[in-house]
Amino acid sequence: MGKIIALHSYKGGTGKTLLSVNLAATNVRKGKNVCLLDLDFRAPSLHAVFKASNSEYWLNDYLNGVCEIDKVLVDVTHEHGRSGKFFVGLANPATEAIREMSAKDRKWEMRALGRLLSLKTSLLNDMDLDYVILDTSPGLQYSSINAIVSADIVLVVTSLDASDIKGTQRMTRELYDLFDKKTGILMNKVLAEILSSKKEKAKFYKHFNNIHKLPILEIIPCFCDVLRAGGTYIFSEEKPEHSFTKTLDKLATKIEKF
Amino acid sequence: MAVYKLEGKSTRILEKIKECLDRLNEKMDVMIEIQKHGQRENLEIPDVLDVMTLLSLPDHLRKTAVTLCKLDQATAEEVAEQTKRARAVESGYLNQLVIMGYLKKKRRGRKAYFYVEKEA
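In order, the protein sequences belong to chains A and B. Under our numbering, the first residue of the first sequence is numbered 6, with each subsequent residue one higher. Under our numbering, the first residue of the second sequence is numbered 6, with each subsequent residue one higher.
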């Protein structure tokens, strides 16, 4: 059976969306059938990556109980598939929709959790997908905690920022541990000079393993080329030989065995 | 022939007694939980089983509640299969969650089903 993976972080701007999109594309390239869902209803992003701003149905509609998940999913296999199937579910980027989603009450959030939990059956069983990747909003928000509860694996994206490290430690104790989630850390935007030698890299791994008390699944260096691309295309798809793409290949293999 | 009739009747009576004992057992669980947690009036404030509530529950109840959310509707036995804890333990926890107002319980035949009330 496939797995649901949620990418989460304490702070915004850690690179969750970039890593979600490229991890999904990497798995598709490896022949896996993948569905990528944008659960960041406060700042939707995937519509820009996949250039689909006029969807008939959004994930907002699925959570509202207006439609079933098959109406929301956009098949992007033709444009972005290599070996596997690739579906995306987008969050509505309209200001009115963002405002509406941030004003939902607790009863609605409870029903939304039920709808997300049922994706395990509809996507992993019925559609026979290998991975459902959830791109979440940062911090302790309803939509992101709902995603964490629904996921089999949580990947926490952190930077080297001191407040981000402290916040991630707190979330590990007060969120991921409480839900017994299989959790791994992705250290993103790490300066290349810190990882200058194998010895330095090993020291870095050990240091952050002790800090987070969680496995550091991957250290992703800060690549100027990735920043330069500005999210206008799927980097790992366009640059298969780039170090960033190779790092994600390694990460995808690690997740398979995680 | 008369012996078979008598045996059939005895089986039905025994089944009825077992059913009554099961119900009694569940009522006892509820009473024990009420005793453990003080007055029923204080516990009957209806609440919503959303993720913030799940975070605030003690570990043992959270595990039961999350499992029930995943199953949507289940008996204590079905929850126990997932949590790998004893049926009687899960029955106690589920009844406690009912008392706390987070879950509902309904009977279908001899089985008691627990579920989250999702309608407004």
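C-beta: ideal position from N, C-alpha, C; glycine also. Computed from a prediction, not measured in an experiment: that's the story for all the values here.
Proximity below 8 Å, CB of residue i to CB of residue j
i	j	result
F249/A	G189/A	no
R67/B	E82/B	no
G89/A	K125/A	no
V162/A	F91/A	no
V77/A	F55/A	no
D66/A	S142/A	no
M115/A	L54/B	yes
H247/A	S149/A	no
T72/B	T88/B	yes
Nearest-angstrom Cβ-Cβ length linking residue i and residue j, presumed shorter than 8 Å
i	j	result
K264/A	I158/A	Given a span of 6 to 263 for chain A in the structure shown, any question on residue 264/A remains unanswerable.
V154/A	V56/B	6 Å
A30/A	E179/A	About 33 Å separates the two Cβ atoms, so there is no contact after all.
L160/A	L121/A	Actually they do not touch by this definition, with Cβ atoms about 17 Å apart.
G119/A	D77/B	7 Å
E122/B	K109/B	5 Å
Q174/A	H217/A	6 Å
Y107/B	D52/B	6 Å
G20/A	K255/A	That belief does not hold up - the Cβ atoms of G20/A and K255/A are roughly 16 Å apart, past 8 Å.
L42/A	W63/A	Not quite, the Cβ-Cβ distance comes to about 11 Å (not below 8 Å), so this is no contact.
Three-state secondary structure (DSSP) of residue i
i	result
G97/B	helix
F92/A	strand
E109/A	It should be noted that the sequence gives Lys, not Glu, for residue 109/A. Correct three-state label for K109/A: coil.
I190/A	strand
L200/A	helix
R45/B	At R45/B the pLDDT is 48, less than 50, meaning the model places this residue with poor confidence and gives no usable figure here.
I221/A	strand
I104/B	helix
V71/A	coil
T141/A	coil
S15/B	helix
K23/B	helix
Y181/A	helix
A48/A	coil
G114/B	coil
G172/A	helix
E61/A	coil
M36/B	helix
V87/A	It should be noted that the sequence gives Arg, not Val, for residue 87/A. Looking at R87/A - three-state DSSP - the assignment turns out to be coil, as it is neither helix nor strand.
R18/A	Checking the sequence, you will find Gly at residue 18/A rather than Arg. The answer is coil: DSSP assigns G18/A none of H, G, I, E or B.
R90/B	coil
Unbroken alpha helix (DSSP H) run spanning residue i, endpoints
i	result
G235/A	Looking at the DSSP string, G235/A is not in any alpha helix (DSSP H), and its letter there is neither H nor E.
E205/A	203–217
I150/A	147–155
E261/A	248–262
T266/A	Missing from the structure shown is residue 266/A; chain A here goes from 6 to 263 and no further.
E243/A	240–243
V53/B	That residue, V53/B, is in no alpha helix (DSSP H); it is neither H nor E in DSSP.
L51/A	51–54
Those residues which DSSP pairs with residue i across a bridge
i	result
Y120/B	Q78/B, K109/B
Y136/A	K8/A, V39/A
D80/A	F92/A
I158/A	I10/A, K187/A
V195/A	P226/A
T58/B	In DSSP, T58/B forms no bridge with anything.
T163/A	M192/A
Distance cut-off 7 Å: residue i Cβ against heavy atoms of the ligand HEM
i	result
G89/A	Questions concerning the ligand HEM fall outside what the structure shown contains, since it holds no ligand whatsoever.
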